[in-house]
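First comes the structure, then the notes that go with it.
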Amino acid sequence: MEEESNSEEELKWFNCKICGIKEVYTTKEKKPKFLQNISFSNNCYVMKDPFSPPEKKQFLVLGGDCFSCKQPVCQAPECSIFYKGRFCQNCAWKSKNDFPQQLQAKIKEPKN
Numbered sequence: 001m002e003e004e005s006n007s008e009e010e011l012k013w014f015n016c017k018i019c020g021i022k023e024v025y026t027t028k029e030k031k032p033k034f035l036q037n038i039s040f041s042n043n044c045y046v047m048k049d050p051f052s053p054p055e056k057k058q059f060l061v062l063g064g065d066c067f068s069c070k071q072p073v074c075q076a077p078e079c080s081i082f083y084k085g086r087f088c089q090n091c092a093w094k095s096k097n098d099f100p101q102q103l104q105a106k107i108k109e110p111k112n
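The end of the sequence shown is residue 112 by the UniProt record's numbering, with every number in the run present.
See the structure below:
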C-alpha cells in the first residue's frame with residue numbers, strides 16, 4: 001500500500017494592486033503546461049476553472065503583471081488595459097499619450 005502525502009502544495013496567491021481581488025492561481029506563464037495548444041503573448045496568472053470537470057481543462061485568466069511597474073493587476077477594465085502588454089490603469093494614465101488614440105478613452109484617471 002502506497003503512503004499518502006500529508007504535505008499540501010503551497011498555495012500561490014494573485015492579488016490585484018488596484019482592486020485588491022485575491023485568488024489562488026495555478027501557474028504564471030505564457031504557455032501553461034496543463035493546456036495544450038494555448039499560449040499567451042505575456043505571462044498570465046492562470047487558474048484551472050473550479051466549476052468545470054478537470055478533464056475539460058478549462059481555465060480562467062486572472063490577469064498579469066503591469067508592463068511598467070511590474071505589479072499584478074486583474075483584467076477588469078477599471079484595473080488594467082492591454083496594449084502589447086498589460087498596463088495597470090495608474091501607469092497607463094501616466095503615459096496616456098503613448099497609447100493609440102482609440103485606446104486613450106479606455107484609460108481611467110486614478111482614484112487617489
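Even for Gly, the Cβ is constructed at its ideal location relative to N, Cα and C.
All of these numbers come straight from a predicted model, not from anything done at the bench.
Item, Value
"Counted within 10 angstroms of its Cβ, other Cβ atoms place phenylalanine 87 as buried (16 or more) or exposed", "buried"
"Glutamate 109 to asparagine 43 span [Cα, whole Å]", "26 Å"
"Among Gln71, Leu60, Glu55, the one whose alpha carbon lies nearest that of phenylalanine 40", "Leu60"
"Three or more C-beta pairs below 8 Å linking the region 15 to 29 and the region 88 to 105", "yes"
"Bridge-paired residues (DSSP) for glutamate 29", "Cys44"
"Cβ pair tyrosine 45, lysine 31 closer than 7 Å", "no"
"Beta bridge counterpart(s) of asparagine 15 as assigned by DSSP", "Lys22"
"Reference threonine 26, options Trp13, Asn37, Ser52, Lys84, closest by Cα", "Trp13"
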